[in-house]
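Here's the structure we're looking at; comments come further down.
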Amino acid sequence: MVPTDHTRANAAPETSHSRFAHVKGALILLVPVLAVIYAGIVGYMYVNQQSLLFKPDGELPAPNSIGLADVETVSLTMSDGVRLTAWSAPPATDDAPTVLFFHGQSGNLGDRADRMREILNSGFGLLAPSYRGYPGSEGEPSEMALISDGIQMYDQLDRQGADVVLHGQSLGTAVATAVAELRPNAQLLVLEAPFTATVDVAAERYPWLPVHALMRDQFATRDLIGNVTVPTLIFHGSKDETVPLHHGEALAAMSGDTAQIYVIPDGTHKDLWSHGLWDQVQQSLPAN
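This is the structure in structure tokens:
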């Protein structure tokens, strides 16, 4: 049927009010959908937060297969019965320190072989644990467990009469700092690409998520660094996109005169050793 002029005249034109009503109705329907999606994302992040923070990978190689023939694989039993694997080597001389090395969040000890080779070539001893839940070690990782394990390993070295250099890489900087706060007789604390807190990094990456309420393992180094009396070296790359430079700068400011920061021009999160990090560490030790 072809509409006549009369029917066209009687058809009610769509007003701005009716268009607004349509948009409003669509928004009312959309809001609960978006809320469900947001809740799903929050729930996923909460449930999977451990796997997002701790990222073990691969199989732990034999040290001699990656150029560390002078390193021994040892088993350490923690106070709760969990057995951890660690790589160990004595210092070349009695007066050389031992580096208690805490690695980053990803992979396994084998990924740090180049760092360990430099440490050993300098005549230093080494004790490098594989965290709980990482290749070679039992248990599940958590902030409390990693710090407790680190303190026990420090105490073991201390009982053996070792001068201990605490070295933390990325995630390991939080563990090393926590140990240094509780064990002020450490010789030196070295922080390689540190963060103020894992929760702070997460908040910067996901500003639309309530990460401070969600994260269980927040590794708040910023709350500890002011209590550390151990001489501290902070190394941070100017082009670190994983943990931006302002984290290292903030920690240096919080530590007062205890810490010295070395900003590596063009350095990233993973290449600070190739920019002279270890040379500076050795120069900072009076015995070397």
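Numbering (our numbering), first residue to last: 1 to 288.
Ideal Cβ positions, reconstructed from N, Cα and C, are used throughout, including at glycine.
(request) Determine the closest residue to ALA302 out of PRO90, GLY58, PHE101 and GLY248, with distance taken between C-alpha atoms. (result) Lying before the first or after the last residue shown, residue 302 is absent from the chain, which here runs from 1 to 288.
(message) Do THR77 and PRO63 count as a contact pair if the criterion is CB distance below 9 Å?
(response) As a working note, residue 63 is residue 63 in the sequence shown. As a working note, residue 77 is residue 77 in the sequence shown. Not a contact, by the Cβ cut-off of 9 Å.
(message) My assumption, with CB atoms under 8 Å, is that ASP149 sits in contact with LEU84. Please give the rounded CB distance.
(response) The residue given as residue 149 occupies position 149 in the sequence shown. The residue given as residue 84 occupies position 84 in the sequence shown. Their Cβ separation, rounded to whole angstroms, is 6 Å, which keeps ASP149 and LEU84 in contact under 8 Å.
(request) Keeping to the same chain, check which residues put their C-beta closer than 7 Å to that of SER238; ignore five residues upstream and five downstream. (result) Reading the sequence shown from its first residue, position 238 is the one you call residue 238. Same-chain partners within the cutoff: LEU245, VAL263, ILE264, PRO265, ASP266 and GLY267.
(message) Quick check: the Cα distance between MET53 and VAL82, rounded to an integer number of angstroms?
(response) Your numbering for residue 53 matches position 53 in the sequence shown. Your numbering for residue 82 matches position 82 in the sequence shown. Note that residue 53 is Leu in the sequence shown, not Met. Approximately 21 Å between the Cα atoms of the pair.
(message) Between which two residues does the alpha helix (DSSP H) holding ILE293 run?
(response) Residue 293 lies beyond the stretch modelled for the chain, which goes from 1 to 288, so this question has no answer here.
(message) Could you tell me which whole alpha helix (DSSP H) segments of length 4 or greater appear in the stretch 57–137?
(response) 113–121
(request) Return the chain-ordered list of same chain residues with a C-beta closer than 7 Å to the C-beta of SER106, the five sequence neighbours on each side being excluded. (result) In the sequence shown, residue 106 corresponds to position 106, counting from 1. Cβ within range, chain order: LYS55 and ASP57.
(request) Assess, as a yes-or-no matter, whether the stretch 166–185 is touched by the stretch 200–216 under the definition of 3 or more beta carbon pairs within less than 8 Å. (result) no
(message) Looking at the strands, I want to know which residues DSSP matches up with GLY256.
(response) Residue 256 sits at position 256 when you count from the first residue of the sequence shown. Looking at the DSSP assignment, GLY256 forms no beta bridge with any residue, so it has no partner.
(request) Could you tell me the distance, in whole angstroms, from the CA atom of GLN283 to the CA atom of LEU233? (result) The count along the sequence shown starts at 1 and reaches residue 283 at position 283. The count along the sequence shown starts at 1 and reaches residue 233 at position 233. C-alpha separation (whole angstroms): 11 Å.
(message) For the alpha helix (DSSP H) containing VAL228, name the first residue and the last one.
(response) In the sequence shown, counting from the first residue as 1, residue 228 sits at position 228. Where VAL228 is concerned, there is no enclosing alpha helix (DSSP H), given that its DSSP letter is neither H nor E.
(request) Could you round the C-beta distance between ASP217 and THR198 to whole angstroms and report it? I think they count as a contact, below 8 Å. (result) Mapped onto the sequence shown, residue 217 falls at position 217. Mapped onto the sequence shown, residue 198 falls at position 198. Contact flag correct, Cβ pair sits at about 7 Å.
(message) Please state the DSSP three-state secondary structure of LEU285.
(response) For this step, residue 285 is matched to residue 285 along the sequence shown. When secondary structure is reduced to three states using DSSP, LEU285 falls in the coil class, being assigned neither helix nor strand.
(message) Is it buried or exposed, ASP257, if we count other Cβ atoms within 10 angstroms and call 16 or more buried?
(response) Working through the sequence shown from its first residue, we reach residue 257 at position 257. Result: exposed.
(request) Throw me the rounded Cβ distance for the ALA180 and ALA186 pair, which I believe falls under 8 Å. (result) Your numbering for residue 180 matches position 180 in the sequence shown. Your numbering for residue 186 matches position 186 in the sequence shown. Confirmed, about 5 Å.
(message) To the nearest angstrom, how far is the alpha carbon of VAL71 from that of SER255?
(response) Residue numbering aside, residue 71 sits at position 71 when the sequence shown is read from its first letter. Residue numbering aside, residue 255 sits at position 255 when the sequence shown is read from its first letter. C-alpha separation (whole angstroms): 34 Å.
(message) For the beta strand (DSSP E) containing GLN169, name the first residue and the last one.
(response) To locate residue 169, count along the sequence shown from 1; it is residue 169. Per DSSP, GLN169 belongs to the beta strand (DSSP E) from 164–169.
(request) Report yes if the CB atom of LEU188 is closer than 9 Å to the CB atom of VAL230, and no otherwise. (result) Start at 1 with the first residue of the sequence shown, and residue 188 comes out as number 188. Start at 1 with the first residue of the sequence shown, and residue 230 comes out as number 230. A contact, by the Cβ cut-off of 9 Å.
(request) For my contact list, LEU120 and LEU126 are in at a C-beta cut-off of 8 Å; report their separation, rounded to the angstrom. (result) If you number the sequence shown from 1, residue 120 lands on position 120. If you number the sequence shown from 1, residue 126 lands on position 126. The pair is a contact, with the Cβ atoms about 6 Å apart (cut-off 8 Å).
(message) Can you tell me whether GLU192 is buried or exposed? The criterion is at least 16 other CB atoms within 10 Å of its CB, across all chains shown.
(response) Your numbering for residue 192 matches position 192 in the sequence shown. So GLU192 ends up on the buried side.
(message) Let's test the definition: count the other Cβ atoms within 10 Å of the Cβ of MET144 and tell me whether it reaches 16, buried, or not, exposed.
(response) The residue you call residue 144 lines up with position 144 of the sequence shown. Flag for MET144 reads exposed.
(message) On the DSSP letters alone, give me the boundaries of the beta strand (DSSP E) that LEU191 sits inside.
(response) Within the sequence shown, the letter at position 191 stands for residue 191. Per DSSP, LEU191 belongs to the beta strand (DSSP E) from 188–192.
(request) Sort out for me which residues DSSP pairs VAL263 with in a bridge. (result) The residue you call residue 263 lines up with position 263 of the sequence shown. Answer is HIS236.
(request) Would you mind sorting VAL99 into buried or exposed? The rule is 16 or more other CB atoms within 10 Å of its CB. (result) Locating residue 99 in the sequence shown gives position 99, where the first residue counts as 1. Buried: at least 16 other Cβ atoms inside 10 Å.
(message) For the alpha helix (DSSP H) containing HIS212, name the first residue and the last one.
(response) On the sequence shown, position 212 is the one that residue 212 refers to. Looking at the DSSP string, the run of the alpha helix (DSSP H) that includes HIS212 is 211–214.
(message) Quick check: the Cα distance between ASP155 and GLY248, rounded to an integer number of angstroms?
(response) For the purposes of this step, residue 155 is taken as residue 155 along the sequence shown, with counting starting at 1. For the purposes of this step, residue 248 is taken as residue 248 along the sequence shown, with counting starting at 1. Distance between the alpha carbons of ASP155 and GLY248: 27 Å.
(request) Could you please give the first and the last residue of the uninterrupted alpha helix (DSSP H) stretch that includes GLU241? (result) Within the sequence shown, numbered from 1, the residue matching residue 241 stands at position 241. Looking at the DSSP string, GLU241 is not in any alpha helix (DSSP H), and its letter there is neither H nor E.
(request) Report the partner residues of LYS55 according to the DSSP bridge assignment. (result) Position 55 of the sequence shown holds residue 55. According to DSSP, which records beta bridges pairwise, LYS55 is partnered with SER106.
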